[in-house]
Structures are given as structure tokens and as C-alpha cells.
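Q: Structure incoming, see below.
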Amino acid sequence: MNLEGLRVMGIDPGLTRCGLSIVEAGRGRAVIPVAVGVVRTPAGADLSERLLRLSRAVAEWMEEYRPDVVAIERVFERGNVSTVMHTAHAVGVLVLAAAERGIPVHMYTPSEVKKAVSGNGRADKRQMTTMITRILGLSEPPKPADAADALALAVCHCWRAPLLARTRSTLSQGGIR
217 MNLEGLRVMG
227 IDPGLTRCGL
237 SIVEAGRGRA
247 VIPVAVGVVR
257 TPAGADLSER
267 LLRLSRAVAE
277 WMEEYRPDVV
287 AIERVFERGN
297 VSTVMHTAHA
307 VGVLVLAAAE
317 RGIPVHMYTP
327 SEVKKAVSGN
337 GRADKRQMTT
347 MITRILGLSE
357 PPKPADAADA
367 LALAVCHCWR
377 APLLARTRST
387 LSQGGIR
């Protein structure tokens, strides 16, 4: 399946810092970076105000860059319930923004992204940033880490999308017997 030209928005969700990226699938495993950034919300602001700021920022990105699909990190329990809840609120706003525009959303765990991008499901932040810099041919590593993570999510989807499409096709044709 040829996905050349597929525009993917990668989102590393967070309430204080949310990484956003746009990449385009090239030939084979080539991925072309289009944009990367971080949306910040003030920690002292009310939750509703922070979510509104996040919603508006991601909506602007979606309107400007017109992604075909969104790849977002799946929320997982990290031990701090408050952090998980804030991230979950942010994910809800981000998924809603995509749904309002009819953009499909795919969620990936951190270990899936690490495995796809570095070959190691336990790669650290430094390894991931180094790999993303190389894969995308960037002149310098993206900063902060949330930006690099957003790019990694988008690259992960570019590389996994053909397998996802083949799996859906097989299942729609009656599956494997």
C-alpha cells in the first residue's frame, strides 16, 4: 500500500506541555518533517482555561496543516494519579478536536513508538531524540522532549499505517481462516 503524501499529526499529550508535529509520508520509509512545536498552558490556571487553550491551539494546527490522520500517545498509569488525570483530560480535548473535523485517530503506547522508531521498546529520551533527528534529517535535535516525542508518534504511524491498512483489508474480506 502506497501512503506517499499522507499527512500525519503527531501529538504528545500533556496539559502543561503538549507536543505537536506534522509530517508527510514519502516513498518507502521516508518521512518529511513539516512542522513541530509545543503548546504550553500555565500550571496555575483553572483546568477549564487550560483545556480551552489547548483546544484552540490544536484546532489552529489542524486548520493550518490539514492532517489526514492523528497519532497520539495512549495514556497509561505512571504512578501519579493527578498527572494521569490531567493528561487524560488533555487527550479527550485533542481527540474531540480531530473528531470534529472527521480526522481518524490512532493511539500508540510509548513502548510501541520506541520500538518502531529505535528498534528498542525501552529506548530512553536521548536515544529517541537522536533517532528522530537522523530519520527526519534535522540539522539539530528538536526541543523540548515533547516536540521530539510528537515527531516520533507521527513517524511511528507513517511506518505502521501500511500494516494497519492490510489488517483492516484482511478483516473486511472475512479474515484469515
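Going letter by letter, the sequence shown gives residues 217 to 393 in our numbering.
Beta carbons: idealized from backbone N, C-alpha and C, even for Gly.
Note that the structure is a prediction, hence the values are computed from the model and not measured.
(1) Under DSSP, the alpha helix (DSSP H) around Val268 begins and ends at which residues?
(2) Smallest Cα separation from Val285: which of Ser355, Arg223, Asn218?
(3) Would you call the CB atoms of Val254 and Ile238 closer than 9 Å?
(4) Tell me the DSSP secondary structure of Gly253 in three-state form.
(5) CB Ser327 to CB Met347, shorter than 9 Å?
(6) In terms of DSSP beta bridges, what is Arg245 paired with?
(7) So the candidates are Val371, Trp375, Arg350, Leu236; which of them puts its Cα closest to the Cα of Glu280?
(8) In terms of residue numbering, what span does the alpha helix (DSSP H) encompassing Gly308 cover?
(9) For Glu239, which three-state DSSP category applies?
(10) Can you give the Cα-Cα distance for Val321 and Ala273, rounded to whole angstroms?
(11) For the candidate residues Leu352, Ile248, Lys330, whose alpha-carbon lies nearest to that of Gln343?
(12) Compute the distance between the beta-carbons of Gly230 and Thr303, then report whether it is under 9 Å.
(13) By how many angstroms is the C-alpha of Asp228 removed from the C-alpha of Thr269?
(14) Say whether the segment 307–326 touches the segment 365–382, bearing in mind that this needs 3 or more beta-carbon pairs closer than 8 Å, one atom from each stretch.
A: A quick look at the data gives this:
(1) Position 52 of the sequence shown, counted from the first residue, corresponds to residue 268. Reading the sequence as shown, one finds Leu at residue 268 and not Val. Element bounds for Leu268: 263–281.
(2) Taking the sequence shown and counting its residues from 1, the one referred to as residue 285 is at position 69. Closest by alpha carbon: Arg223.
(3) For the purposes of this step, residue 254 is taken as the residue at position 38 of the sequence shown. For the purposes of this step, residue 238 is taken as the residue at position 22 of the sequence shown. Their beta carbons are not under 9 Å apart, which means Val254 does not touch Ile238 by this criterion.
(4) Residue numbering aside, residue 253 sits at position 37 when the sequence shown is read from its first letter. Three-state DSSP puts Gly253 in a strand.
(5) Residue numbering aside, residue 327 sits at position 111 when the sequence shown is read from its first letter. Residue numbering aside, residue 347 sits at position 131 when the sequence shown is read from its first letter. Contact flag unset, no.
(6) Here residue 245 corresponds to residue number 29 of the sequence shown, with the count starting at 1. BP columns for Arg245 are empty, so no partner.
(7) Counted from its first residue, the sequence shown places residue 280 at position 64. With respect to the C-alpha of Glu280, the residue from Val371, Trp375, Arg350, Leu236 having the closest C-alpha is Leu236.
(8) Taking the sequence shown and counting its residues from 1, one reaches residue 308 at position 92. 297–316 is the extent of the alpha helix (DSSP H) around Gly308.
(9) For this step, residue 239 is matched to residue 23 along the sequence shown. The residue asked about is misnamed: residue 239 is Val in this sequence, not Glu. Strand at Val239.
(10) The sequence position of residue 321 within the sequence shown is 105, counting from 1. The sequence position of residue 273 within the sequence shown is 57, counting from 1. If you take the alpha carbons of Val321 and Ala273, they lie about 17 Å apart.
(11) Position 127 of the sequence shown, counting from 1, holds the residue named residue 343. Checked all of Leu352, Ile248, Lys330; the closest Cα to Gln343 is Lys330.
(12) Counted from its first residue, the sequence shown places residue 230 at position 14. Counted from its first residue, the sequence shown places residue 303 at position 87. Yes; because the gap between Cβ atoms is below 9 Å, this pair is in contact.
(13) The sequence position of residue 269 within the sequence shown is 53, counting from 1. The sequence position of residue 228 within the sequence shown is 12, counting from 1. The sequence given here places Arg at residue 269; Thr does not occur at that position. About 16 Å.
(14) They touch, by the three-pair rule.
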